[in-house]
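Each protein sequence line maps, in turn, to chains U, P, G and V.
Here numbering that gives the first Met the number 0 is used: the first residue of the first sequence is 0, the next is one more, and so on.
Here numbering that gives the first Met the number 0 is used: the first residue of the second sequence is 0, the next is one more, and so on.
Here numbering that gives the first Met the number 0 is used: the first residue of the third sequence is 0, the next is one more, and so on.
Here numbering that gives the first Met the number 0 is used: the first residue of the fourth sequence is 0, the next is one more, and so on.
Working notes, structure below.
Protein chains: 4
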Amino acid sequence: MSLTVIALNCTLKRGDEDSSTDKLLQEALIEFQKLGIEGDLVRIANLDIKPGVTSDEGDGDEWPQLLERILASDILLLGTPVWLGQPSSVAKRVVERMDAFFGEMDRNNRMPSYGKVAAIAVVGNEDGAHHCHAELFQALNDVGFTLAPGAGTYWVGEAMGSIDYKDLTVPVKKTRETTAILAANAAHLATLLKASTYPGVRSKPS
Amino acid sequence: MSLTVIALNCTLKRGDEDSSTDKLLQEALIEFQKLGIEGDLVRIANLDIKPGVTSDEGDGDEWPQLLERILASDILLLGTPVWLGQPSSVAKRVVERMDAFFGEMDRNNRMPSYGKVAAIAVVGNEDGAHHCHAELFQALNDVGFTLAPGAGTYWVGEAMGSIDYKDLTVPVKKTRETTAILAANAAHLATLLKASTYPGVRSKPS
Amino acid sequence: MSLTVIALNCTLKRGDEDSSTDKLLQEALIEFQKLGIEGDLVRIANLDIKPGVTSDEGDGDEWPQLLERILASDILLLGTPVWLGQPSSVAKRVVERMDAFFGEMDRNNRMPSYGKVAAIAVVGNEDGAHHCHAELFQALNDVGFTLAPGAGTYWVGEAMGSIDYKDLTVPVKKTRETTAILAANAAHLATLLKASTYPGVRSKPS
Amino acid sequence: MSLTVIALNCTLKRGDEDSSTDKLLQEALIEFQKLGIEGDLVRIANLDIKPGVTSDEGDGDEWPQLLERILASDILLLGTPVWLGQPSSVAKRVVERMDAFFGEMDRNNRMPSYGKVAAIAVVGNEDGAHHCHAELFQALNDVGFTLAPGAGTYWVGEAMGSIDYKDLTVPVKKTRETTAILAANAAHLATLLKASTYPGVRSKPS
């Protein structure tokens, strides 16, 4: 049974500008690959993801195609930079669009995301990773994803620092280990859930 | 000495679609008007605010003109709907752009926002207002705004509710009172600061 | 294979004073019982849980016995009231004590909580549930728990409300359904993990 | 017109055990002293602050005396360590007790904290300061305190770090500057508010 992972880079940088979030996501994809899990990486700022809470906001909205790819993957790896100690507006936009899942449950109250595992990668010059984890864990759990232990990896520098992760020349051992644990736990959980997903709960007639 | 307020509606809805956030912001502007403070209301989703952390991201970016209006006002009133218990991606985009203030301090380490007062209005079908306040208080305080007591007003319905504030036909007394207090405190503080702004701290030569 | 759940009531109320959090936890335990999962309920404010981040702070600390019961259970259900839009200081104390798990990993970097499922129940007069979920999801995920979809149930009243959940005489249908889904998902996940826990990742010699 | 500041150290450490939070608070008190503002420092974990949301929980509760000292000061400086990316349970207890202010408003809807300025100092081995600011800004603003720009100072180390602020032998320039700005802004604002506090809003007869 083979698994797949989709990594979403929620940097504010468009085009192919160097991105620290990209670097951490690439490292994570390598860890997943070691476990036999193939992955793709998408830079969200290069797509036109409209504001809204439906699964298709029309008018050139590129969310529907992205959503299809997310739902075709077993693991969602959401990567965000830290700005003002918080996830980026781009990351916020992505989870906001999944609010639509509340209206897309099957007869057993299961969202399209049921049985899928989510994980988070956060990068910043300084401070904010745990809070980005909290915001995104809650949002993604609300919309039906499952979270393995240590579902967040990260690198941030010392308080008020200005070094970019992408400019570090030496690998950060602790971040590497945390990423490896994230991948191993997510892979194990996704394997279990792919073999046996949640049965859900049938709504009672009201 | 006359004051002005600018209200930013961070709804996800574009055009002139009915917005609950709009309703609460209009109510707040009436409270400010009672105190002799004139205001404007801008719907952010109708502007092209580019992702980024500089004050001009070029390429049709409409942030520069908006920023000019914000900096010409004494009070910033940021209004956001609640999605997944959190501020909208549009609200997040607005505060993210003000990260640029860190690079725009004067010789006394004062950001362009120094001496200005911020307040928050939050509307949702259910749950999430306090957290929206927390996120936006911290972000706006980080970028130099001052917060009077009770700097957040809000309406949200009961847990898992689905009623919209805009569809309530009877005024919500507690929200009205909270909004009136917000306006009175913000007005008092903005008056004090307009007469005597922060002196700042001169950086020592390093 | 039988499972057990331990419910921790993090109300600020001591003794056996009526507690809204207790009511929601009792409702959740009934849902678990319907699935064949037996549970216990502990009111934390009646224990002397010392501040600290070790597993035994000595001096009458009642955490060690509580921890033993938590680790003997398959599912941890943490219940907190909302104060100022945030989890109670008692809930915060409980998760804080589990920070000790970072120093108690086995050779495969697994914390004592690995393979266990956590869920959250939140009750307040008004607003704050999603944020309590976020804070506690992140804290419990950091210390090794797994989170099934919809890992948070809750009831809160309308903005600035003052009705207590314990005083509602009619069952809240949506909260009941959410609690039933929480129990079903947690039970399914705990069953999978009990049969096949995380293998962990062996640390490389440095 | 002379001002006073009270610094509350919300470390988990009791007695006079070395505390990094203490070090940052002492540095802040020195900055306040340079501005002619005298201060006191209290270690909360050495007091018996009962759980609850009234201003006197009886039974040996030491909150009433502490509250008296807080209300006799012009500036409240709350210091917390970071645990699991969040404020300590001790800090949470302190703000929770001020929930009582909602029931202690004067005829003009002013809480006992009106006209007082709050500021936050956060210390951790790594990551979490901005979120501690957010949680405490919101809680303290809700209960009536005013926040000057840059109301939070902090030091945290690099991601997953383990160095303690108290063990750093060289002063951290950026934290020092941030603390100096915090003190200058808080002092300016407290001076303005002491001369001219909020008038409040008279409740209309219902």
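Don't be surprised by glycine CBs; every beta carbon is placed ideally from N, CA and C.
This one's a predicted model, so the numbers in the text were calculated from it and none came from an experiment.
Could you tell me whether the Cβ of residue i comes closer than 8 Å to any Cβ of chain P?
i, result
"U:S51", "Position check: residue 51 of chain U holds Gly in this sequence, whereas Ser was assumed. Closer than 8 Å: yes."
"U:V94", "yes"
"V:E213", "In the structure as shown, chain V begins at 0 and stops at 205. Residue 213 of chain V is therefore absent and cannot be evaluated."
Please tell me whether, using a cut-off of 7 Å, the distance from the CB of residue i to the nearest non-hydrogen atom of the ligand NAD is below it.
i, result
"G:E176", "The ligand NAD is absent from the structure shown, which contains no ligand whatsoever."
Answer with yes or no whether the minimum CB distance from residue i to chain V is below 8 Å.
i, result
"U:D126", "yes"
"P:I180", "yes"
"P:V81", "no"
"U:W62", "no"
"P:Y153", "no"
"G:G78", "no"
"U:T177", "yes"
"U:E26", "no"
Since residue i and residue j should fall inside the 8 Å C-beta cutoff, what is the C-beta to C-beta distance between them, to a whole number of angstroms?
i, j, result
"G:Y217", "G:R109", "No statement about residue 217 of chain G is possible, as the shown extent of chain G runs from 0 to 205 and does not include it."
"G:A147", "U:T145", "6 Å"
"U:A138", "U:L76", "Not really, about 15 Å apart at Cβ, beyond 8 Å."
"V:V89", "V:A44", "6 Å"
"U:L2", "U:A189", "5 Å"
"V:L40", "V:A183", "V:L40 to V:A183, Cβ: 20 Å. No contact."
"U:G127", "U:V171", "Rounded, the Cβ-Cβ distance is 17 Å, inconsistent with contact."
"U:H130", "V:H129", "7 Å"
"V:K91", "G:K91", "5 Å"
"U:S19", "U:V93", "18 Å between Cβ atoms; not a contact."
Using 10 angstroms around the beta-carbon of residue i, count the other beta-carbons present and answer buried if the total reaches 16, otherwise exposed.
i, result
"G:S87", "buried"
"U:A71", "exposed"
"U:M159", "buried"
"G:K49", "buried"
"P:V169", "exposed"
"G:Q85", "buried"
"V:K22", "buried"
"U:E134", "buried"
"G:D60", "buried"
"U:E125", "buried"
"U:G38", "buried"
Please confirm if residue i has its CB atom under 8 Å from at least one CB of chain U.
i, result
"V:V169", "no"
"P:A138", "yes"
"G:L2", "no"
Could you tell me which residues DSSP puts in a beta bridge with residue i?
i, result
"P:L7", "P:V41 and P:L77"
"V:W154", "V:V122"
"G:Q85", "G:W82"
"U:A179", "According to DSSP, which records beta bridges pairwise, U:A179 is partnered with nothing at all."
"V:L24", "Looking at the DSSP assignment, V:L24 forms no beta bridge with any residue, so it has no partner."
Looking only at its chain, what residues have a beta carbon closer than 6 Å to the beta carbon of residue i, apart from the 5 residues adjacent to it on each side?
i, result
"P:M97", "V142"
"V:T178", "E26, A27, E30 and T152"
"P:L181", "A118, G149 and T152"
"P:I74", "V4, V116, A185 and A189"
"U:A120", "L23, L24, A27, G78 and T152"
"G:L192", "G114"
Who are the near neighbours of residue i in its chain, counting only those whose CB is closer than 8 Å to its CB and skipping five residues on each side?
i, result
"G:V200", "N107 and N108"
"P:F100", "M110, P111, S112, V142 and G143"
"U:D58", "K49"
"V:P63", "S54 and D55"
"V:S195", "none"
"V:G14", "N45"
"G:E103", "S54, M110 and P111"
State yes or no: is the beta carbon of residue i nearer than 8 Å to at least one beta carbon in chain G?
i, result
"P:M110", "no"
"P:K203", "no"
"V:K172", "no"
"U:G143", "yes"
"V:E37", "no"
"V:K22", "no"
"U:S195", "yes"
"P:G84", "yes"
"P:H129", "yes"
Might you give, ordered along the chain, the residues of its own chain that have their beta carbon closer than 7 Å to the beta carbon of residue i, omitting 5 neighbours on each side?
i, result
"V:E95", "V52"
"G:S161", "N124"
"V:I69", "I5 and L75"
"G:E157", "E125"
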